Every structure is written in C-alpha cells, then in structure tokens.
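In the numbering used here, each residue's number is its place in the sequence shown (first place is 1) plus 175.
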Amino acid sequence: MSKVLVMESSYENCAEAVERAFAAFPLEIAGKRVVIKPNALKPCNPDTDTAMVTHYKILEAVIKKVETLGPRKILVGDSVGTEFYGRSDEVCTEVRFKEVAGPYYTNMSKNLRMVKLMHPFEREVAVLADVLDAEVYISLPKMKTHGLTMTSGGIKNNYGLLSGAQKSWYHYYTVSPERFARILVEMFRLRPPDLVIMDAVLAMAGYGPASPITYPANKILASDDAAALDTVEARMIGFEPEQVPLLMLAREFGLGETRLENIQVEGNAATLPGYPKPEEPPEASYAYKAGVGTGSTSRSYYRERVAFRPVIDVEKCRFKQGCNACMDICPTRALTSGKSSPNLAPDQCVLCSACKEVCEYGALELLPDSEIMARLQSAE
Ligand code: SF4
Ligand code: SF4
C-alpha cells in the first residue's frame with residue numbers, strides 16, 4: 176500500500192518535516208549521485224506573497240539532510256518555464272536556489288540528451304540528462320492548481336525534464352487536457368522520483384502555473400509514490416482523483432496508486448476549506464486562460480513561442496574569436512559554422528534553449544521567426 180505523509184509546517188520549521196519525510200521513506204544515499212529538482216517557474220521574490228516556485232527554505236533543508244547521508248555528489252537545478260526559456264541561471268538566482276544550493280547548483284539545461292517519445296508523439300526531445308542519470312532523484316514540487324491539469328504536483332514537476340521552450344511546443348500541439356496529460360506522463364515515466372517532498376506551506380490557487388492567488392495551507396507532503404501524493408493533493412484541494420485527467424492516465428499506465436482507498440495517509444489530509452480551485456473544466460481553461468495574461472488565447476500565446484528560434488547579434492558574437500559554445504551544446508546540430516557567426520537550420524531546432532543558456536556574451540536571443548509563425552497560422 177502506498178503511503179503519503181501530510182505534515183503541518185511553516186518555512187521556519189520545515190527542517191523537522193523534511194527529517195520526518197526521510198525517516199518515513201528512507202533512501203540509500205551513501206556514495207550515490209543525488210539529483211534534487213525544485214520547481215523554478217519564473218523569477219519572483221519567494222519571501223513576498225507568491226507561490227510560483229518551491230520555497231528555497233525547503234530546498235535548503237533537503238540539501239542539508241542529504242549532505243548528512245554521505246552522497247558522492249549532489250546536483251540541484253531545474254529548466255525554467257513560461258517566458259524565461261534559456262534563463263535558468265537568472266531565475267534560479269532570483270528565487271534563491273543558487274544561493275542555498277551553493278556548489279551543488281547546476282544549470283541542468285546545459286546537459287541534454289535526445290530521447291524518442293512513444294506513441295502518440297513519436298518525436299525526439301531534449302531532456303535533462305542529469306535527472307535521467309540520477310542514482311537518487313528527489314523532486315520538490317509546489318502544491319498548485321493549474322488551468323490545464325487541474326492540479327500540479329509530483330508528476331507535473333517532471334515536465335521540467337523537457338528543457339526550455341520545448342514545453343511551449345507541447346502546450347501548443349497537445350490541444351486537449353487529455354493529450355497534455357499524456358506528455359506529462361511521458362516525462363514522468365522517463366525517470367520517476369524516488370522521493371517527493373511537496374511545498375504546500377503557501378500553495379498556489381486559481382489558474383496556475385503562475386497564478387497570483389495563494390492559499391496558506393501550512394503543510395508539507397511527502398511520499399515515495401508521486402501519483403499517490405498527487406491523489407492526496409487533489410482531494411485536499413477539493414477534487415476527486417477522477418476529475419484530474421493526469422491522475423487517470425497515471426492509473427491507466429500503472430504509474431502509482433491513484434485510488435484513495437489504497438493510500439495510507441498519515442496526518443490531516445482533509446479538504447482545505449475555501450481553496451480557490453479552477454471551477455471550469457480544463458477544456459474551457461485551455462482555450463481562454465492557460466498561460467495568458469494578455470487577453471489573447473493560449474493558442475496564439477504559444478504559437479509565438481513555438482516559432483521561437485535563436486537569433487545571433489553578430490556585433491556581440493565571439494565566433495570569430497573562437498567561441499563555439501552554442502554549436503557545441505546544440506543536441507540536434509542545428510547550429511553550424513557560418514561566415515561571421517553560427518548558422519541555424521531552423522527546422523532542425525527543437526527549442527531546447529541550451530544555446531541561449533550557454534552564450535556568455537548575450538549574443539543570442541530566442542525570438543519568434545515570422546516565416547514559421549505564418550506557416551503555423553496557415554496550418555490552423
Ligand atoms: S555562444 Fe554566443 S558568442 Fe559564442 S558563438 Fe554562440 S552566439 Fe556567438
Ligand atoms: S538551436 Fe539547438 S541548442 Fe538552440 S534551441 Fe535549437 S536545438 Fe536547442
């Protein structure tokens with residue numbers, strides 16, 4: 176039977192909850208390569224009233240605990256989302272992940288591996304190799320409601336394995352909550368976490384993943400079964416697991432326990448009173464709310480991002496001085512030597528954003544390509 180721990184906590188005393196999580200779900204860490212992945216969505220000040228990212232104090236407590244268990248190596252990082260593709264270092268600095276991780280901080284977007292997804296996608300994507308190769312993988316999601324997936328937790332935190340603006344590609348092409356859930360499950364199956372510790376101290380409500388609405392749940396959840404943890408989270412938010420397409424797919428694929436009656440819950444997992452969850456079905460929120468702050472639909476919002484391609488400022492580029500960093504890191508060889516700067520084969524680019532992550536001279540930006548935009552629009 177799967178077990179989920181639900182602990183009362185604040186950020187100040189979260190080390191106690193983290194200690195309890197490791198006691199309830201012991202991990203063999205001595206001599207191992209441990210990867211810790213919080214949720215770094217976009218820049219924000221985690222000490223103000225925002226619930227967009229995992230709070231750095233929980234990350235800090237987890238790192239300190241792992242250090243005591245004699246790992247060979249610790250890696251801490253994420254590949255950021257929304258409008259901040261290619262800027263993982265900047266975002267992880269602002270949300271204080273770099274500060275608390277110190278020497279363990281790693282820009283995982285610079286170490287990618289191409290992986291072929293199964294039916295129905297059958298497409299090669301660039302994913303975080305550090306997570307794939309983790310001997311122990313600890314996931315630190317935030318408790319959130321979400322415009323597309325209803326809830327966001329342990330399974331969805333693995334969407335960060337898909338580096339950079341590739342995330343937009345799937346937002347754009349999966350066109351239904353069920354198909355979007357399918358890509359999340361694909362990412363989850365690549366490397367399920369060994370331990371999930373969820374920051375539900377200040378949770379996010381409304382239409383996430385970047386809603387300004389917060390809910391002080393004052394809890395930390397933990398489990399070695401991400402699906403079971405997400406099932407308990409859904410009930411706490413006020414959904415039946417059957418209302419969450421992601422959980423039903425996880426059930427279909429046997430990726431963990433999603434039946435509440437089969438989950439042993441330790442602690443108070445009662446439905447949180449007045450949690451402002453999405454009231455509309457995901458179909459409606461997909462069309463009108465997801466990812467949008469501008470009044471445009473998510474379709475046009477993501478079309479622009481799917482048309483992103485690297486654009487190099489020749490004046491700033493150090494190619495002539497011998498820099499090859501973007502070409503060397505590109506996992507699809509879309510960038511090759513040109514006359515005065517690297518050349519791009521636009522259709523070979525998978526939007527992984529590694530080239531922007533690696534350019535130290537600010538010479539490379541990801542910008543919408545008008546030809547690709549027009550092609551996408553005419554195909555709709
Ligand atoms: S990494 Fe930046 S500076 Fe170096 S070749 Fe690429 S665009 Fe030019
Ligand atoms: S050019 Fe290469 S490195 Fe840059 S986003 Fe495209 S696939 Fe990634």
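Just so you know, even glycine gets a beta-carbon here, dropped at the ideal spot from N, CA and C. Keep in mind the model is a prediction, meaning the values are calculated, not measured.
query	result
Residue span of the beta strand (DSSP E) that contains E441, given as start and end	438 to 441
Close Cβ partners of T223 (< 6 angstroms) along its chain, the five nearest in sequence each way excluded	none
L510 beta carbon near ligand 2 (any heavy atom closer than 7 angstroms)	yes
Candidates Y345, A397, I330, G245, of which the one nearest R366 by Cα	I330
Distance CB(A409)-CB(L430) smaller than 8 angstroms	no
Cβ-Cβ distance between N174 and S314 below 8 angstroms	As displayed, the chain neither begins before 176 nor continues past 555, which places residue 174 out of reach and without an answer.
For E555, three-class secondary structure by DSSP	coil
Option nearest L287 by Cα separation, candidates V181, Y186, C501	C501
Cα-Cα separation between V146 and S516, rounded to whole angstroms	There is simply no residue 146 to check, as the chain begins at 176 and stops at 555 in what is shown.
DSSP state of A380 mapped onto helix, strand, coil	coil
Start and end residues, beta strand (DSSP E) containing Y348	Careful: Y348 lies outside any beta strand (DSSP E), inside the alpha helix (DSSP H) at 341 to 348.
heavy atom of ligand 2 below 7 angstroms from C492 C-beta	no
Other residues of its chain near Y334: CB distance less than 7 angstroms, five sequence neighbours each side excluded	K342, L359, M362
T324 Cβ short of 7 angstroms to ligand 3 heavy atom set	For ligand 3, the structure offers nothing, since it holds only ligand 1 and ligand 2.
DSSP three-state assignment for R354, whether helix, strand or coil	helix
First through last residue of the beta strand (DSSP E) which encompasses V181	177 to 183
Close beta carbons around G413, own chain, < 6 angstroms, minus the five adjacent residues each side	T446, Y450, K452
For V255, three-class secondary structure by DSSP	coil
In chain order, each beta strand (DSSP E) run of at least 3 residues that lies wholly inside the segment 180 to 213	208 to 213
Neighbourhood of Q439 by C-beta distance below 8 angstroms, restricted to the same chain and skipping five residues each side	M176, S177, K178, V179
Three-state secondary structure assigned by DSSP to E540	strand
Own chain, CB closer than 6 angstroms to V419, minus 5 neighbours either side, in chain order	M325, T326, A409
Stretch pair the segment 206 to 220 + the segment 245 to 254: three plus CB contacts closer than 8 angstroms	yes
Alpha-carbon to alpha-carbon, E353 and E242	40 angstroms
Between the CA atoms of Y260 and P557 - distance to the nearest angstrom	With the chain covering 176 to 555 only, the question about residue 557 has no answer from this structure.
Sufficient close CB pairs (3 or more, under 8 angstroms) joining the segment 264 to 271 to the segment 301 to 319	no
Boundaries (first-last residue) of the alpha helix (DSSP H) holding K232	231 to 242
Beta-carbon proximity check, G245 vs G206, cutoff 8 angstroms	yes
Distance between E274 and H321 (C-alpha atoms, nearest Å)	28 angstroms
Residue range of the unbroken alpha helix (DSSP H) whose run includes V275	272 to 276
Beta-carbon gap between A529 and K285 smaller than 8 angstroms	yes
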